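> There's a structure below that I have some questions on.
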Ligand code: ADP
Ligand code: MG
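In my numbering, the protein residues as written are 5 to 390.
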């Protein structure tokens with residue numbers, strides 16, 4: 005049974021067989037390149053994953069909200085008038101969307117929602133944004149709200165920041181809402197300008213066939229990641245004070261040597277990562293537009309080296325996954341996400357993907373790491389009605 009059928013069946017149990025729900029889908033996302041650039045007013049380049057939140061939804065005449073999570077086998081009920089920011093669990097991410105829309109002045113009534121998602125929770129693939137963006141899409145259609153895509157993403161972010169109380173940037177919700185099939189989404193985190201960058205790796209076939217991205221979830225999640233994230237942000241802020249710039253975005257690649265000369269040795273490498281990473285995102289867009297996957301791969305690998313050596317946010321298992329993928333002939337490989345574990349992306353020929361996955365699994369077993377989970381990613385569509 006497809007997840008669409010699963011949520012339709014759950015919705016029928018919740019609301020009755022004649023409730024005539026629609027189904028909306030919103031994907032998880034992964035960042036192709038551009039790490040820790042978001043809070044430096046820089047550039048990111050995420051794309052939407054095949055894994056997505058599926059939501060069957062129907063409007064109600066009254067102000068009740070009823071939600072079932074098929075995955076968690078849980079059910080939750082509340083009233084629109086009872087909504088107040090809270091972090092009481094999975095349902096806060098869904099009920100919070102009603103609250104965010106109403107706070108922004110939109111007229112929404114009650115609804116019956118049935119959710120199922122195959123975005124893994126807590127893997128850095130943004131299962132939270134997927135469920136928020138699915139609810140935003142559903143409520144916009146059910147209540148005929150004319151809200152532009154970036155505004156929808158912002159409302160999903162308000163849900164996560166102001167209702168659930170989880171501080172996140174806008175990238176996750178923007179990607180889940182705005183991505184289009186076979187494109188990555190370039191986003192300027194200062195201006196929020198976006199551009200669809202063609203990313204049909206399979207079409208960019210060389211003499212040996214098409215390419216794809218293999219995602220390797222190392223299954224490693226280090227508990228100190230939050231503290232390290234905070235200290236990286238603090239280092240960037242300190243560098244801005246010393247350099248007298250509003251954000252590290254304002255240090256250009258050509259201005260980098262002069263900037264580095266002004267900075268203490270503990271901070272200089274952090275700045276070098278951010279400035280070179282922003283340039284790599286721009287270069288990756290150019291490489292994708294030109295179908296130059298060799299260059300894209302080199303940029304990915306350079307990004308990883310920068311995260312490992314300058315920003316110091318990698319750890320043994322992600323480094324091992326990258327090295328093993330490259331040794332198996334990948335054009336490029338890098339950790340994606342905040343760091344200290346999580347997922348690695350490898351750009352490789354279709355006929356190499358299985359061997360890379362096997363080699364990484366073998367290497368991890370030999371070194372006593374977690375058993376990795378791998379899947380092939382194609383750039384999918386953002387939130388839409390089925
Ligand atoms: P991620 O990196 O996957 O976004 P978060 O901690 O930001 O991790 O969000 C995960 C939370 O989102 C879960 O703890 C849960 O509350 C909610 N969530 C995600 N997927 C589902 C789902 N399929 N069903 C119910 N809740 C979900
Ligand atoms: Mg999240």
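Every residue gets a Cβ at the ideal spot worked out from N, C-alpha and C, and that includes glycine. These numbers come from a predicted model, not from an experiment.
Mark residue 287 as exposed unless 16 or more other C-beta atoms lie within 10 angstroms of its C-beta, in which case mark it buried.
Buried is the call here.
> For residue 327 and residue 276, what's the separation of their Cα atoms in angstroms?
22 Å
> Nearest to residue 346 by alpha carbon, out of 263, 221, 261, 176?
221
> Heavy atom of the ligand MG less than 7 Å from the Cβ of residue 130, yes or no?
yes
> Counting along the chain, where does the beta strand (DSSP E) carrying residue 274 start and finish?
Annotation for residue 274: no beta strand (DSSP E) segment contains it, though the alpha helix (DSSP H) segment containing it runs 272–293.
> Using 7 Å as the cut-off, classify the Cβ of residue 176 as near or not near the heavy atoms of the ligand MG, replying yes or no.
yes
> Specify, as a first and last residue, the run of the alpha helix (DSSP H) that residue 308 falls within.
297–313
> Runs of 4 residues minimum, wholly inside the stretch 109–165: which ones carry the alpha helix (DSSP H) assignment?
Qualifying alpha helix (DSSP H) stretches, in chain order: 131–146, 153–162.
> Going by beta carbon distance, what residues of the same chain come within less than 8 Å of residue 175, once the five residues before and after it are set aside?
33, 35, 42, 48, 50, 191, 193
> So what's residue 83 in DSSP terms, helix, strand or just coil?
Note: residue 83 maps to strand in three-state DSSP.
> In whole angstroms, what is the alpha-carbon distance linking residue 100 and residue 167?
6 Å
> Let me check you understand the geometry: is the CB of residue 123 closer than 7 Å to at least one non-hydrogen atom of the ligand ADP?
yes
> Just reading off the beta strand (DSSP E) that residue 224 is part of, what are its end residues?
215–225
> For the beta strand (DSSP E) containing residue 33, list its first residue and its last residue.
26–35
> How far does the beta strand (DSSP E) with residue 378 in it reach, from first residue to last?
377–381
> What do you reckon, are the CB atoms on residue 135 and residue 98 nearer than 8 Å?
yes
> Between residue 28 and the ligand ADP, is there a pair consisting of the residue's CB and a ligand heavy atom that are separated by less than 7 Å?
no
> Among 368, 322, 255, which one has its Cα closest to the Cα of residue 46?
255
> Of the choices 73, 74, 114, 39, whose alpha-carbon is the least far from that of residue 66?
114
> I'd like to check one pair, residue 279 with residue 257: are the Cβ atoms closer than 8 Å?
yes
> Assuming contact is defined by CB atoms lying nearer than 8 Å, are residue 172 and residue 386 in contact in what I supplied?
no
> Hey, is residue 97 close to the ligand ADP, as in C-beta under 7 Å from one of its heavy atoms?
yes
> Taking residue 234 as the reference, which of 263, 163, 298, 342 has the closest Cα?
342
> Excluding five sequence neighbours on each side, which residues of the same chain lie with their C-beta closer than 6 Å to the C-beta of residue 239?
Around residue 239: 271, 274.
> Can you tell me whether residue 196 is buried or exposed, with buried defined as 16 or more other CB within 10 angstroms of its CB?
exposed
> Contact between the stretch 154–168 and the stretch 61–76: three or more CB pairs below 8 Å?
no
> Spatial neighbours of residue 322 within its chain, please: C-beta separation below 6 Å, excluding the five flanking residues on both sides.
222, 339, 348
> Who pairs with residue 202 in a beta bridge, going by DSSP?
187
> Using 7 Å as the cut-off, classify the Cβ of residue 71 as near or not near the heavy atoms of the ligand ADP, replying yes or no.
Incorrect: residue 71 has no Cβ contact closer than 7 Å to the ligand ADP.
> Residue 262 to residue 315, Cα distance in whole Å?
19 Å
> Could you check which residue in 18, 38, 19, 16 has the C-alpha nearest to that of residue 285?
38
> I'd like to know if the stretch 106–122 and the stretch 15–28 are in contact, where contact means that at least 3 CB-CB pairs between them fall below 8 Å.
Pairwise C-beta distances place the stretch 106–122 in contact with the stretch 15–28, as three or more of them are shorter than 8 Å.
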